[in-house]
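Report on the following structure.
In this note's numbering, the protein residues as written are 1 to 332.
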């Protein structure tokens, strides 16, 4: 048995501390890895977030990116496993690109009836197969200090000691930072920075301004009330404040609010749920994701009032500018 205080087995899962070193054995075959290590970046979010796919896949990707937790793990792996992984990657690309080519050939009317469904199926198969084969392991849960991993060989797990929830509790040495010898500290999850500083913040600002501008253009769509633009700007200001105060926990309720607002608008105005209403709610939700990331990132590097000023200014200003340009374009 591998003696370690930082790596355990929890039924069919491997549990490890973030800073733990795994045994020098292949995690898929349990054969000696001879020092061969492969870096795997794991990500995880609550399974309920997958329900957003049924509303809009783009919204799901934005929410998942904004709230997922990540961890880097260095696993022992044999060259034969890496070669199989590489072949699977190439195979998924070939299948997916074949599907794309068939969809383009479907533009010719005589092939449309056959090539569109066939191409769509091939794209889906290539995507699913690639994702399933590329990931040697996957995270079933990620916390601040601990990671739960699936996809590990059973005989590899058999080498590890059984996971005990009490492993989370660490005894504190006496007279350290004023903590008495009888006290214990429980490793509780803490908020992690969502994205690095500097260049990525500027990328978020640019992407956010572009998307908010497009949302403002939607607000100028004929048939929508003239007050929709003002309401959109107000929501941007309030949401920016909520993000700077409460962090990423404000993103999910805001997206739910965008969906509810769209449904409420359709009910109040007694209109059909058209593609325009769907596009507006989608754009607002994506804006919530982008500016949620921006607000949290800025809050980590500057005071509250300044982070709110930048987030609210770019969000509300871009929406207002897009709405104004759209209104002028329709008036001319």
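Backbone N, C-alpha and C define an ideal beta-carbon position, used for all residues, glycine too.
Give the single residue among the options whose Cα lies nearest to the Cα of residue i.
i	options	result
residue 101	152, 123, 24	123
residue 152	135, 165, 145	135
residue 69	47, 87, 77, 90	47
residue 212	247, 289, 82	289
residue 305	72, 240, 230	240
residue 130	86, 24, 139	86
residue 95	118, 79, 227, 80	118
residue 295	99, 326, 251	251
residue 72	13, 20, 293	20
residue 166	10, 326, 328	10
residue 32	149, 80, 50, 125	80
residue 297	24, 23, 67, 38	67
Would a C-beta distance cut-off of 8 Å place residue i and residue j closer than the cut-off?
i	j	result
residue 311	residue 244	yes
residue 40	residue 160	no
residue 316	residue 254	no
residue 156	residue 75	no
residue 147	residue 42	yes
residue 326	residue 234	no
residue 133	residue 92	yes
residue 221	residue 232	no
residue 103	residue 89	no
Taking DSSP's pairing of strands, which residues face residue i in a bridge?
i	result
residue 321	DSSP output for residue 321 lists no bridge partner at all.
residue 74	39
residue 162	9
residue 347	Past the edges of the chain, shown from 1 to 332, lies residue 347, and the structure says nothing about it.
residue 16	7, 147
residue 32	25
Just curious, the beta strand (DSSP E) that residue i is in, first and last residue?
i	result
residue 6	Unbroken run through residue 6: none, as it is neither H nor E.
residue 146	146-150
residue 250	Neither: residue 250 is in no beta strand (DSSP E) and is coded neither H nor E.
residue 138	138-142
Tell me which residue opens and which closes the alpha helix (DSSP H) that residue i is part of.
i	result
residue 91	79-105
residue 235	228-246
residue 155	154-157
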